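Please read the structure below before turning to the comments.
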Amino acid sequence: MSPLAATPDVPAGEVVQALGDLVAAIGMPSFPHRLLDALRLLAGVDLCSAFLREGGDHIELIFACGDLPDVPGFTLRASHDYAQAYWRSDRQMALLAKVPAGAPVVVRRRAADIADPAYRAACYDRAKVIERVSILSPGRSSLMINGYRTAERAPFAAADVERLDLHARLLLAALRQHLCAATPLVDEAGLAGRLCALDCGLSAREAEVVARMILGETQEGIARMKHISPATVVTYRRRAYGKLGVSNRRDLMALHRRLATGNGRVHIGGEGE
922 MSPLAATPDV PAGEVVQALG DLVAAIGMPS FPHRLLDALR LLAGVDLCSA FLREGGDHIE
982 LIFACGDLPD VPGFTLRASH DYAQAYWRSD RQMALLAKVP AGAPVVVRRR AADIADPAYR
1042 AACYDRAKVI ERVSILSPGR SSLMINGYRT AERAPFAAAD VERLDLHARL LLAALRQHLC
1102 AATPLVDEAG LAGRLCALDC GLSAREAEVV ARMILGETQE GIARMKHISP ATVVTYRRRA
1162 YGKLGVSNRR DLMALHRRLA TGNGRVHIGG EGE
């Protein structure tokens, strides 16, 4: 079957269009939405997320996309919680991390099969998500694309998984290129503006301090630059971390990556999108 083939219920021309739109959006803020559009066409997903796993002790959220009117902000919050607290409870992903690097793998995961009740409640039950389908490159360092279905739809069918399997290489390659091509935010004004646009209650000064930290400035250097005391810098940093939902510089840099790769419209600290 050709790489752009479609099963009978999804016309090949629509598949070509959706994948073409995805490739055209590489490096652009619209990329997450074009990925969701492609996954909706191929497998009828309602929400999607993308993660980067480096080694066996860290997983990073790249972006989360899609909204549910009854649970605004769920997609980002659940994906953030997964990366921060629950990915170790995901036994399916833990097993796949031990598989040698090779061809992409497409796997399904029912919410009902998740043993950890806190993980299931935070990432599935709250929004009536019934199932996940994942595309990933196996190995200790890998990319993962997830699509989710809610209770308003039937569970994934074999044809849905078949279509994703057909196009898994292209989808992962597009995500990989997007990570490389996305324009980074490299100046204080641009970073501070995007941080404030997250609408999580950051003051202008808090955003400036965090922007300088992202750019590699020390707290002492920020104090000199802003003509404030180091203790005041610490206060701004602590307040900003709480509002942004991060706890350390590594989390802050992960947030920067999400901003740079097109996930800057969402609320990090709140429930709305």
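All residue numbers for the sequence shown refer to the numbering used here, where the first residue is 922 and numbers rise by one.
By construction, the Cβ of each residue, glycine as well, lies at the ideal position given by its N, Cα and C atoms.
As the structure is a computational prediction, the values presented were derived from the model and not from experiment.
Residue i versus residue j: straight-line alpha-carbon distance, rounded
i, j, result
"C1101", "G948", "8 angstroms"
"H1088", "Y1003", "25 angstroms"
"R953", "A985", "Sequence check: residue 953 is Pro here, not Arg. Looking at the two C-alpha atoms, the distance is approximately 7 angstroms."
"H979", "A1175", "11 angstroms"
"S1055", "P990", "24 angstroms"
"V1027", "M1014", "11 angstroms"
"A1094", "I1066", "11 angstroms"
"F972", "I983", "5 angstroms"
"L1165", "V1155", "15 angstroms"
"V1195", "L1119", "Absent from the model: residue 1195. The displayed extent of the chain is 922 to 1194, so no value can be given."
"H1188", "S1058", "Residue placement at H1188 is poorly supported in this model, since its pLDDT is 36, which falls under 50; the coordinates are not used for a value here."
"R1041", "A1032", "6 angstroms"
"G994", "P1038", "21 angstroms"
"T1153", "R1009", "36 angstroms"
Classification of residue i by the beta-carbon crowding that lies within 10 angstroms, buried from 16 upward
i, result
"E1127", "buried"
"S1062", "exposed"
"E1192", "Bear in mind that a pLDDT of 33 at E1192, under 50, signals an unreliable position, so the number given afterwards is only what the model happens to contain. The residue is exposed, with fewer than 16 neighbouring Cβ atoms inside 10 Å."
"A1132", "buried"
"L956", "buried"
"H1177", "buried"
"K1019", "exposed"
"A927", "Model confidence at A927 stands at a pLDDT of 39, short of 50, so the residue's coordinates are unreliable; what they give is reported in the following sentence. Buried, by the Cβ-count rule."
"H1148", "exposed"
"L1016", "exposed"
Under the three-state DSSP convention, the category residue i falls into
i, result
"V1130", "helix"
"F995", "helix"
"V1020", "coil"
"S970", "strand"
"L1100", "helix"
"I1135", "helix"
"C1121", "coil"
"V931", "coil"
"G1193", "Any reading at G1193 must be qualified, since the residue scores a pLDDT of 31, below 50, and its modelled position is unreliable; no value is offered."
"V936", "helix"
"A1006", "helix"
"L1173", "helix"
"L962", "helix"
"L956", "helix"
"L1165", "helix"
"A946", "coil"
"I983", "strand"
CB-CB length for residue i against residue j, believed under 8 angstroms
i, j, result
"E1109", "P1076", "E1109 to P1076, Cβ: 48 angstroms. No contact."
"L940", "L1091", "6 angstroms"
"G1068", "A964", "6 angstroms"
Complete runs of the beta strand (DSSP E) confined to the stretch 1035-1084 [at least 3 residues]:
Here the runs fully enclosed are 1050-1057, 1062-1071.
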